[in-house]
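**Student:** Input: one structure, supplied below.
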C-alpha cells in the first residue's frame, strides 16, 4: 500500500499577527465600552462620536508607542547580551566551550563526536556567539524594522477595531438608537475576531470566540451601568 504522506501543520504566531491581535483586542473593547458608557449618560450620538474618535486617536498612539518601545527594548537587550557573549568567548573561552558541550550532551552526544562538533563551533567566533545566543540564552536577533512595524500595525489595528462600535453612532441622531446597533455589530465582530484569533493560536475556536465576546460584553455593560447610575 502506498504510504500516506505525513504533513505536519504547526503555527507559530508571527510578530505581525501578535501585533494585530493586541491592537484589535483593545480597539474593539475600549471604544465599545466608552461608547456604551456615554450612551447611558447622554442623549446625543454626536457627543459619543466625538468622544469615541478622541479615544481612538489617543488609544492608537498610546498602543503604538507601547509596541514601539517594547520592540526597541527587545533589540537593546539582544545587543547587550550579544556584546557580553562576544567578550566571554575571548575572556572565558574554557567556560564557554563547556557550555557548548553541555548543550550537545543534552541531545545525547558524547566522546569524539561531541569534541568534533564543539571544535567546529569554536573555530568561527561569529558562529560561536550565534550558537550561544540561540541555545544558551534562547534569543533570536530582532528584525531591525520591528519597532516601526510593530507601532504601525498595533495603531492601525486599534483604529480598525475602534471604528466598528463607533460607526453605528455616526448614522443616527440619538445615542440610545446608536447603542442598540453598536451592541449588535460589535458583539458579532467580537465573536468573529475571537474565533479567528483562536484558530491562529491553537485554542478551541468556539471557546476563544466566547471568551472574547464575554470580555468585550462585560466591559461595555459595566461602563453603561456605571454611567446610568451616576447620571
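Numbering (the numbering used here), first residue to last: 111 to 341.
Each residue gets a CB set at the ideal place from its N, CA and C atoms; glycine is no exception.
These numbers were taken from a predicted model, which means no experiment stands behind them.
Could you tell me the alpha carbon to alpha carbon distance between residue 297 and residue 167, rounded to whole angstroms?
**Tutor:** On the chain shown, residue 297 is found 187 positions in, with the first residue counted as 1. On the chain shown, residue 167 is found 57 positions in, with the first residue counted as 1. Spanning the two alpha carbons is a distance of roughly 22 Å.
**Student:** DSSP state of residue 124, grouped into three classes?
**Tutor:** Residue mapping note: residue 124 aligns to position 14 of the chain shown, counting from 1. In this structure, residue 124 counts as coil in the three-state DSSP scheme.
**Student:** Going by DSSP, what residue range makes up the alpha helix (DSSP H) through residue 246?
**Tutor:** Residue numbering aside, residue 246 sits at position 136 when the chain shown is read from its first letter. Unbroken run through residue 246: none, as it is neither H nor E.
**Student:** Just list the residues that DSSP pairs residue 284 with in beta bridges.
**Tutor:** In the chain shown, residue 284 corresponds to position 174, counting from 1. For residue 284, which the question treats as bridged, DSSP gives the partners 154.
**Student:** Measure the alpha-carbon distance for residue 329 versus residue 139 and round it to whole angstroms.
**Tutor:** To locate residue 329, count along the chain shown from 1; it is residue 219. To locate residue 139, count along the chain shown from 1; it is residue 29. Each residue's Cα considered, the two are about 7 Å apart.
**Student:** Between residue 199 and residue 191, which are expected to be in contact by the criterion C-beta below 8 Å, what is the C-beta distance as a whole number of angstroms?
**Tutor:** Locating residue 199 in the chain shown gives position 89, where the first residue counts as 1. Locating residue 191 in the chain shown gives position 81, where the first residue counts as 1. Actually they are not in contact, since the Cβ atoms of residue 199 and residue 191 sit about 13 Å apart, beyond 8 Å.
**Student:** Indicate the three-state DSSP secondary structure (helix, strand or coil) for residue 235 in the structure shown.
**Tutor:** As a first step, residue 235 must be located in the chain shown, where it is residue number 125. Residue 235: helix per DSSP, three-state reduction.
**Student:** Restricting to runs no shorter than 4 residues, where is the alpha helix (DSSP H) found entirely within the segment 278–339?
**Tutor:** Segments of the alpha helix (DSSP H) lying fully in the segment 278–339: 285–311.
**Student:** Buried or exposed: which applies to residue 204, given that a residue is buried once 16 or more other Cβ atoms fall within 10 Å of its Cβ?
**Tutor:** Position 94 of the chain shown, counted from the first residue, corresponds to residue 204. By the 10 Å Cβ count, residue 204 comes out exposed.
**Student:** Alpha carbon to alpha carbon, what distance is there between residue 231 and residue 223?
**Tutor:** If you number the chain shown from 1, residue 223 lands on position 113. If you number the chain shown from 1, residue 231 lands on position 121. Straight-line Cα distance between these residues: approximately 13 Å.
**Student:** Hey, could you find the ends of the alpha helix (DSSP H) residue 203 is sitting in?
**Tutor:** Sequence index remark: in the chain shown, residue 203 carries index 93 (1-based). Unbroken alpha helix (DSSP H) run through residue 203: 203–215.
**Student:** Of the residues 177, 211, 236 and 240, which one's Cα is nearest the Cα of residue 227?
**Tutor:** Here the question's residue 227 lines up with position 117 in the chain shown. Nearest option by C-alpha distance: 211.
**Student:** Closer than 7 Å by C-beta to residue 321: which residues in its own chain qualify, once you throw out the five before and the five after it? Chain order, please.
**Tutor:** Within the chain shown, numbered from 1, the residue matching residue 321 stands at position 211. The residues are 304.
**Student:** Suppose you measure from the CA of residue 225 to the CA of residue 256; what does that come to, to the nearest Å?
**Tutor:** Reading the chain shown from its first residue, position 115 is the one you call residue 225. Reading the chain shown from its first residue, position 146 is the one you call residue 256. Cα to Cα, the separation comes out at about 38 Å.
**Student:** From 178, 238, 152 and 159, pick the residue whose C-alpha is nearest to that of residue 194; which is it?
**Tutor:** Along the chain shown, read from residue 1 onward, the residue named residue 194 stands at position 84. Looking at the Cα atoms, 238 is the closest of the given residues.
**Student:** Are at least three pairs of beta-carbons, each pair with one atom in the segment 257–266 and one in the segment 171–181, less than 8 Å apart?
**Tutor:** Touching, yes, given that three or more Cβ pairs across the two stretches are closer than 8 Å.
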